[in-house]
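Asker: One structure, as structure tokens, below. Some questions next.
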Amino acid sequence: MEFINLHKAEFILSAARPDQFVKDGRPQFVFAGRSNVGKSSVINKILNRRNFARVGETPGKTAHVNYFLLDSAAYFVDLPGYGYARVSQTEKQRWAALMENFFADTSGITQSFLIVDARHTPNADDKIMAEYFQQTCVPFSVIANKADKLKPRELPERLEDIRRTLVLDERDGLFAFSAQTGQGRDDVLARLRAVWEGLQ
3 MEFINLHKAE FILSAARPDQ FVKDGRPQFV FAGRSNVGKS SVINKILNRR
53 NFARVGETPG KTAHVNYFLL DSAAYFVDLP GYGYARVSQT EKQRWAALME
103 NFFADTSGIT QSFLIVDARH TPNADDKIMA EYFQQTCVPF SVIANKADKL
153 KPRELPERLE DIRRTLVLDE RDGLFAFSAQ TGQGRDDVLA RLRAVWEGLQ
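Numbering-wise (this note's numbering), the sequence shown opens with residue 3 and increments by one.
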């Protein structure tokens, strides 16, 4: 089977409760990241679509799992952003409960991506999310967004810091990425293709 046609993408639903999670047997590529890390922009750039995943809403405003169907064959799953300081304790607890339920059944997760800020050392929330993914034992990669904000000589050191902080395995992908310039898009697509081909 050929790789998914990324131009054929449609929003399906926002799941606010575990009983709304999509479990129809299609592969799921899962994305997570802090509320202000540019997660929606990364997804838009991967799909080469403007304003497809929501961009610019108040960080932490919603704690939903968003599903996008690609070519009727697979899903991009956008997990709710985390770590926004102004969110109430009740909302944080709801986010935590939703994530615990989501990761309770990982049979549908084909590949997971954690999006971090290339300019900064991953924080405690990033490490917790990385551990969530690593415990699922499914393919896991990190997208270091905003790499265009760094000087080329700074990038290798920043990537090594991210790899060390998140305890990444040699098999884990770590991609320098820019949602603005498209840097790293081909590398992420290559990982998606490799995972997809492994399913065939």
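Beta carbons: idealized from backbone N, C-alpha and C, even for Gly.
What is the residue span of the beta strand (DSSP E) that LEU170 lies within?
Answerer: No beta strand (DSSP E) holds LEU170; DSSP gives it neither H nor E.
Asker: Just how far apart, CA to CA, sit ASN53 and GLN137?
Answerer: If you take the alpha carbons of ASN53 and GLN137, they lie about 32 Å apart.
Asker: On the DSSP letters alone, give me the boundaries of the alpha helix (DSSP H) that SER42 sits inside.
Answerer: 41 to 49
Asker: From the DSSP output, in three-state form, read off ASN103 for me.
Answerer: helix
Asker: Entirely within the region 123 to 192 and at least 4 residues each: give me those alpha helix (DSSP H) ranges in chain order.
Answerer: 126 to 138 and 157 to 167
Asker: What residues match up with SER16 in a beta bridge as DSSP calls it?
Answerer: ASN68
Asker: For ALA34, which beta-bridge partners are listed by DSSP?
Answerer: LEU116
Asker: How is VAL79 classed by DSSP in three states: helix, strand or coil?
Answerer: strand
Asker: Expressed to the nearest angstrom, what Euclidean distance is found between the alpha-carbon atoms of ARG19 and LEU161?
Answerer: In this structure, the alpha-carbon of ARG19 lies about 35 Å from that of LEU161.
Asker: So what does DSSP say about ALA196, is it helix, strand or coil?
Answerer: Residue state, collapsed to three classes: helix.
Asker: Throw me the rounded Cβ distance for the ILE14 and LEU100 pair, which I believe falls under 8 Å.
Answerer: Not quite, the Cβ-Cβ distance comes to about 17 Å (not below 8 Å), so this is no contact.
Asker: Are the C-beta of LEU72 and some C-beta of chain B separated by less than 9 Å?
Answerer: No chain B is present in this structure, which holds just one protein chain.
Asker: Would you call the region 142 to 150 in contact with the region 163 to 182, where contact means no fewer than 3 C-beta pairs closer than 8 Å?
Answerer: yes
Asker: State the CB to CB distance for the pair PHE31 and VAL79, rounded to an integer number of angstroms; the pair is presumed to be in contact (CB under 8 Å).
Answerer: Sure, about 7 Å apart at Cβ, within 8 Å.
Asker: Leaving out the 5 sequence neighbours to the left and right, which residues in its chain are closer than 7 Å to ARG51 when beta-carbon positions are compared?
Answerer: Apart from sequence neighbours up to five positions away, the residues of its chain that approach ARG51 with a beta-carbon distance below 7 Å are ALA11, ordered along the chain.
Asker: I need the straight-line Cα distance from ASP119 to ASP21, nearest angstrom please.
Answerer: 32 Å
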